[in-house]
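First comes the structure, then the notes that go with it.
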Amino acid sequence: MTKIAEKSKQEYGDLLKEKDHLQDMEQLEMTIVSIHTPYPSIVRIQGKINTLQPELWQAPNLAIRLIVSNPPEGQPISRVYTVRSFNPVNAQIEIDFVKHEDLSPAMEWLNSAQVGTKIGLIGPALISFPISYIKNMWSCLPTIRLYLRYIRY
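701 is the number that this note's numbering gives the last residue of the sequence shown; the numbers go up by one with no jumps.
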C-alpha cells in the first residue's frame, strides 16, 4: 500500500461509508466504452452507467468517487473526479484524468484500464458555488485565454 493510501485509510476509516456522507448518491459500476487522449497530458474516459436517477447526472459540475483499487485486505482506495459530461440518451459519462509520472493508485488503475474494464463509483455529488463568482469573473476571460494558449499539455 502506498504512503498516500495508508494515510487516507488512517484518517478517514469508514467515514465514506456513512449514510450522511452518501446522502442521495448512487453506488454504481461503470464500464469503459472508450479511452482517448485529447492532449498529451489528458486521458479522457467514457463509461456506461446504469443509473436509476438520470436527472441527478444532468446538473453541471458533478463529482464522483472512483474505486481505483480494492485490495483484499483493508479499505478500498478511491479518488474524486469531476464529471466532464453526461449523455442521458446512452447513460454515458466522460471523465478527464491528468496523467502524471508517479504510480498513485489512480495512475496504476488508469494504466491498466481498457475498453470493457469495470470500476465502482459513488455519485454524483454536486460541487456548488455561487453563480455570482462566475458573473464577476467575465473580465478576466481574455487573460485566462492567453495563459491557456501557452500551457504545454
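Glycine included, each C-beta is placed from N, C-alpha and C at the ideal position. Everything numeric in this text was worked out from a predicted model, so none of it was measured.
Cβ pair residue i, residue j closer than 7 angstroms
i	j	result
S582	V646	no
S617	I625	yes
I593	L669	no
P636	P608	no
G595	M573	no
V591	T599	no
R627	A661	no
I643	Y629	yes
DSSP beta-bridge partners of residue i
i	result
K666	T579
E642	Q594, S633
R627	L614
Expected contact under 8 angstroms - CB spacing of residue i and residue j to nearest Å
i	j	result
I580	G664	7 angstroms
H610	I675	Residue identity check: residue 610 is Leu in the sequence provided, not His. About 7 angstroms separates the two Cβ atoms, so the contact holds.
I597	A639	6 angstroms
Opening and closing residue of the beta strand (DSSP E) in which residue i lies
i	result
A611	610-617
Extent of the continuous alpha helix (DSSP H) run through residue i
i	result
S660	653-660
Y492	Lying before the first or after the last residue shown, residue 492 is absent from the chain, which here runs from 549 to 701.
| field | beta strand (DSSP E) runs contained entirely in the segment 574-608, provided each spans 3 or more residues | value | Complete beta strand (DSSP E) runs here, min 3: 574-587, 590-597.
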